[in-house]
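J.:
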Amino acid sequence: MLIFYAAYEIISEGTDPLLGEMPETQLMDDLKSIAHEACGMETHIHHVHVHRYGEHVELTMHIKLPKNTTLENAHNIADDIEVEIMKKLHIEATIHMEPL
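Residues in the sequence shown are numbered from 26 upward in steps of one, following the working numbering.
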């Protein structure tokens, strides 16, 4: 039983960073701030996952924007947020946009 538990712990430590981890509180606060500054409106961030591949860190997240936001504007907002995340946090981000 102890061997199986140890094997589970070892496998979990290796796969969790690849499958996606929950972000720390400080990172969530930084993401909310960056999103608000980049688009100038309240955004609702959720479903955030951090993926670590050695020294390379990627982030996936969903943001809710007002439902009357055009597709072009939503895309531009997501691009702006992704650029700011890279500049300030050195994390490559992919954002999925949803209507509020």
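Built from N, CA and C at the ideal position, the CB exists for glycine as well. Quick caveat, the model's predicted, so the values are computed rather than measured.
Return the first residue and the last residue of the beta strand (DSSP E) that Lys89 is part of.
T.: That run of the beta strand (DSSP E) goes His81 to Leu90.
J.: Could you tell me which residues DSSP pairs with Thr119 in its beta bridges?
T.: Paired residues: Thr85.
J.: How big is the Cα-Cα spacing for Leu114 and His81?
T.: Distance between the alpha carbons of Leu114 and His81 is about 12 Å.
J.: Report the three-state DSSP secondary structure of Glu67 (helix, strand or coil).
T.: Coil, per DSSP.
J.: Ordered along the chain, which non-local residues of its own chain (more than five positions away) have a Cβ less than 7 Å from that of Glu107?
T.: Same-chain partners within the cutoff: Ala118 and Ile120.
J.: Which residues in the same chain as Thr68 place their Cβ atom closer than 7 Å to its Cβ, once the five residues preceding and following it in sequence are excluded?
T.: Only Ala60, His61, Ile88, Lys89 and Leu90 meet the Cβ criterion.
J.: Would you identify the three-state DSSP class for Glu46, choosing helix, strand or coil?
T.: Three-state result, Glu46: strand.
J.: If you draw a straight line from the C-alpha of Ile70 to the C-alpha of Lys57, how long is it?
T.: If I take the Cα positions, the gap works out to 7 Å.
J.: Please return the same chain residues whose Cβ sits closer than 6 Å to the Cβ of Ala63, not counting the five positions on each side in sequence.
T.: Closer than 6 Å at Cβ, skipping near neighbours: Asp105, Ile106 and Glu109.
J.: Indicate whether Ala99 and Met122 have their beta-carbon atoms separated by less than 8 Å.
T.: Going by C-beta atoms, Ala99 is nearer than 8 Å to Met122.
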